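**Student:**
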Amino acid sequence: MKTERRKCGPSKARRLQSENNIPGNNKTEFQLQLPVKYAVYMVVTSLEVSTKYLNFTASEKTSHIIEHQYQFNNLGGRKLPISVVFLVPIQLNQVTVWDQLHVTFSQNLSSRCHTNKSDPRRSDFLGELKKTPLLNCSIAVCQRIQCDIPSFGVQEEFKVTLKGNLAFDWYIKTLHNHIQVVSTAEILFDDSEFALLPGQGAFVRAQTETKVEPYEVHNPVPLIVGSSVGGLVLLALVTAGLYKLGFFKRQYKDMITEAGPETASPQ
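All letters in the sequence shown, in the order written, are residues 18 to 284 by the working numbering.
1) Report, in whole angstroms, the separation of the C-beta atoms of V57 and F206, which I expect to be a contact under 8 Å.
2) Does DSSP put A219 in a helix, a strand or coil?
3) Measure how close the beta-carbons of T191 and P231 come, nearest whole angstrom, since I'm counting them as under 8 Å.
4) Since I believe I156 is in contact with E145 (beta carbons under 8 Å), could you give me their beta-carbon distance rounded to a whole number of angstroms?
5) Alpha carbon to alpha carbon, how far is D186 from V158?
6) Taking the alpha-carbon positions, what's the A12 to E233 distance?
7) Relative to the C-alpha of Q197, which candidate in I166, I204, G218 and L152 has its C-alpha closest?
8) Which one of H193, T227, T62 and G248 has the shortest CA to CA distance from L143?
9) So, under 8 Å CB-CB, L64 and F169 are touching, yes? Tell me the CB distance rounded to an integer number of Å.
10) CA-CA distance, A223 and V199?
11) Can you name the start and end residues of the alpha helix (DSSP H) that L146 belongs to?
12) When the Cβ atoms of the region 249-256 are set against those of the region 79-94, are three or more pairs found closer than 8 Å?
13) Could you give the DSSP three-state label for L118: helix, strand or coil?
Structural data, given as structure tokens:
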């Protein structure tokens with residue numbers, strides 16, 4: 018039995034041939050092509066410089082700047098073309114959430130980005146928020162941004178910042194008293210040529226959360242007015258009580274008695 022092995026692009030061809038002095042034909046030869054995938058090791062992480070917390074008043078109509086930042090690393094020994102995909106919630110129940118979204122790379126990578134909208138998978142957004150205070154693409158309309166990078170070099174690193182304005186008109190009060198606004202990032206690659214090592218699938222996906230909660234500004238005027246009125250009422254009650262007990266009558270008699278001898282002076 019004779020075995021021949023040849024490499025053909027991303028696959029290997031193995032040929033088996035009998036050597037029993039029989040002329041070769043399709044019954045004595047068998048060829049099998051096996052796919053070969055190159056192992057890659059890439060990581061995307063959410064950075065701590067991202068906006069972690071925002072609050073607002075019920076009467077506030079302005080928006081706040083929000084930033085989510087991700088870092089991408091190629092820790093393997095092979096360069097490859099990749100795509101980085103971001104999902105950002107931009108609308109809930111037809112009300113704007115994240116506006117004026119901009120994507121910025123930390124270095125001048127050769128990339129081409131294109132965007133499209135993705136509809137939520139679940140329609141009962143109110144019920145979902147009551148169960149879990151997460152505003153993500155399962156209940157919100159999201160902006161999907163895909164940036165194609167022709168070559169992600171060995172040991173290369175870059176950062177991407179998602180920046181925009183977060184409005185608050187969409188906010189729905191629940192028992193949790195806060196809502197987490199969630200964006201996600203993912204690395205895509207040609208899985209017919211490259212493969213992750215077992216257990217590394219979680220490292221090519223990451224998410225960033227911003228906690229949003231309302232706060233109440235207490236108006237001191239009602240407290241001041243209430244305290245003043247309460248003080249006056251208390252004073253009136255004390256005065257009325259003293260009057261009923263004859264406190265003011267005794268005081269008046271004492272004043273007359275003391276003033277009598279002074280007014281009756283000798284001639």
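All C-beta atoms, glycine included, are put in the ideal place defined by N, C-alpha and C.
Owing to the predicted nature of the structure, the values given are computational and were not obtained by experimental measurement.
**Tutor:** Taking the structure as given:
1) About 7 Å; that satisfies the 8 Å criterion.
2) Three-state DSSP puts A219 in a helix.
3) Cβ atoms of T191 and P231 stay farther apart than 8 Å, at about 11 Å.
4) Contact between E145 and I156 is confirmed by a C-beta separation of about 5 Å, below the 8 Å threshold.
5) A direct Cα-Cα distance of roughly 15 Å separates D186 from V158.
6) Only positions 18 to 284 of the chain appear in the structure, and residue 12 is not among them; the question remains open.
7) Looking at the Cα atoms, L152 is the closest of the given residues.
8) The residue with the shortest Cα to Cα distance from L143 is H193.
9) Actually they do not touch by this definition, with Cβ atoms about 18 Å apart.
10) Taking the straight line joining both Cα atoms gives about 10 Å.
11) F142 to K148 is the extent of the alpha helix (DSSP H) around L146.
12) Judged by pairs of C-beta atoms under 8 Å, the region 249-256 does not touch the region 79-94, as fewer than three such pairs exist.
13) DSSP places L118 in the strand class (E or B) of the three-state scheme.
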